[in-house]
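Asks: Residue numbering for the sequence shown follows our numbering, beginning at -11 and increasing consecutively.
Cβ coordinates follow ideal geometry from the N, Cα and C atoms, glycine included.
Small disclaimer: the values here were computed from a predicted structure and weren't measured.
After the structure tokens below, expect a handful of questions from me.
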Amino acid sequence: MRNHEVTARQQLLDKNGVLNEPGWSRSLVQIYDRSRIKAPAFQIKEWDYYLVLNEDFAGAFTISDDGYIGLQSVSLLDFREGFEHTETILNPFTMGRLHMPPTSEEGHVIYHDKRLHMEFRKEDEKRRILCKYRDFWKGKDFECNITLRQPKMDTMVIATPWKEKKTAFYYNQKINCMTAGGHMRYDGKTYSFNPETDFGTLDFGRGVWTYDNRWYWGSGNCMVDGKPFGFNIGYGFGDTSAASENILFYDGKAHKLDDVTFHIPKDDYMKPWKFTSSDGRFEMDFEPVLDRAAKTSALIIETDQHQVFGRMSGKAVLDDGRVIELKELMCFAEDVHNRY
């Protein structure tokens, strides 16, 4: 049953709001239908998160409707200068009003208020990230126009239940290896992405969670012998006995992994990390460069997150036994503890 692959097109939830078939898939073969959820609207969480990254800088963009709160955020990270800034807007009791699409395969996501206008647009095999953030930081505006190209390729999709609550579920898609072009602008400086070398990743999530969760997630992309290579690793979120979300991508094809463990120094996130795997197919060293740390506590909402950017070196093994050697690949790995 471990790493059970779902291949049949079907409804994600049964008539009782319980996952029909926990497991992983290469695309969104299970259909997310908000009306089938057996939970109050304030408990439904829907988000799209994009990370666009290269050796020197990155941008991260979130539009989310998490039921009793909406969270819209933009991050600018400059690894050369050693700074990052995240600006977040919270909207009380959104409860579906953002009309997040039920699938990542079509539809646009748009958020607008007096300070922030942000759009995630899906156009054929392209995704566009458009953003204008007034007074983003130190009185200066931020804007971006980024295009990601997504040819036909495998993705990582996981449908995860919780043992302690039958109607709680996590339906998540990670799309790696999207080449990135375009730019970000802030404080008179233009950050340009080159589609020959730079990539974007989408984290598309829909679900109902339990209150207290701690998870680990890491992701990276690069070119290997002229072909796109990427990885997605993570655990700690719900009951993953049916499948993990650990996976490699090479030239558009998925190569499924078993368990990967994050070995994080207990006293300092900026000390070197290690990653090991139960099947020996993901063995890495990680040298942190920048910790995008955030801690929030407001009434019943608590978050403590460390998204650490750094350079990964080691080996990853494809299904056919081919060894991919990584050397100082700029990527990220995170440790997040949420109560909300």
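Quick check for students: name the residue ranges of the beta strand (DSSP E) that lie wholly in the segment 166 to 228, counting only runs of 3 or more.
Replies: Whole beta strand (DSSP E) segments, 3+ residues: 177 to 181, 187 to 196, 200 to 212, 215 to 223.
Asks: Whole angstroms is fine: what's the gap from arginine -3's alpha carbon to asparagine 79's?
Replies: Cα to Cα, the separation comes out at about 35 Å.
Asks: With a threshold of 8 Å on Cβ separation, who are the neighbours of serine 92 within its own chain once the five nearest residues in sequence on each side are excluded?
Replies: Result list for serine 92: Leu16, Asp36, Lys110, Gln161, Ile163, Leu190, Phe192, in chain order.
Asks: Assess, as a yes-or-no matter, whether the segment 193 to 200 is touched by the segment 139 to 155 under the definition of 3 or more beta carbon pairs within less than 8 Å.
Replies: Yes, they touch.
Asks: For methionine -11, which of helix, strand or coil comes out of DSSP?
Replies: Low confidence applies to methionine -11: its pLDDT is 46, below 50, so where it sits in the model is not reliable enough to give any reading.
Asks: In chain order, what residues of the same chain lie with their CB nearer than 7 Å to the CB of proline 89, ignoring the 5 residues before and after it?
Replies: Once the five neighbours on either side are set aside, the close Cβ partners of proline 89 are Gly95, Val97.
Asks: Between which residues of its own chain and methionine 300 is the CB-CB distance below 7 Å, once the five residues before and five after are set aside?
Replies: Cβ neighbours of methionine 300 beyond the five flanking positions: Gly208, Met272, Phe274, Leu314, Leu317, Cys319.
Asks: Just checking my contact of phenylalanine 181 with isoleucine 134 at CB under 8 Å: how many whole Å lie between their CB atoms?
Replies: Sure, about 6 Å apart at Cβ, within 8 Å.
Asks: Quick one: what's got a C-beta closer than 8 Å to aspartate 123's C-beta in the same chain, skipping five residues either side?
Replies: Closer than 8 Å at the Cβ level, and outside the excluded window around aspartate 123, lie Arg103, Asp129.
Asks: Rounding to the nearest angstrom, what Cα-Cα distance links methionine -11 and alanine 231 in this structure?
Replies: Note that methionine -11 scores a pLDDT of 46, beneath 50, so its modelled location is shaky; the value from the coordinates is reported in the next line. C-alpha separation (whole angstroms): 8 Å.
Asks: Going by beta carbon distance, what residues of the same chain come within less than 6 Å of glycine 222, once the five residues before and after it are set aside?
Replies: Cβ neighbours of glycine 222 beyond the five flanking positions: Tyr204, Trp205, Glu233.
Asks: Taking the alpha-carbon of alanine 137 as reference, which of Asp112, Asn(-9), Leu86, Glu9 has the nearest alpha-carbon?
Replies: Alanine is not the amino acid found at residue 137; the sequence shown has arginine there. Ranking Asp112, Asn(-9), Leu86, Glu9 by Cα distance to arginine 137 puts Asp112 first.
Asks: Look up aspartate 66 in the DSSP assignment and give the residues it is bridged to.
Replies: Paired residues: Phe45, Phe71.
Asks: Let me make sure I understand the geometry here. Which of Lys3, Lys177, Trp12 has the alpha-carbon closest to that of serine 229?
Replies: With distances taken between Cα atoms, serine 229 lies closest to Trp12.
Asks: Please report how far the alpha carbon of tyrosine 20 lies from the alpha carbon of glycine 176, in whole angstroms.
Replies: When rounded, the distance between both Cα atoms is 42 Å.
Asks: Helix, strand or coil: how does DSSP classify glutamine 31 here?
Replies: Glutamine 31: helix per DSSP, three-state reduction.
Asks: Under the three-state reduction of DSSP, which class applies to serine 266: helix, strand or coil?
Replies: It is coil, neither helix nor strand.
Asks: Can you give me the Cβ contacts of leucine 59 inside the same chain, cut-off strictly under 7 Å, excluding the 5 residues immediately before and after it?
Replies: Taken in chain order, the residues that qualify are Thr50, Ser52, Thr76, Leu78.
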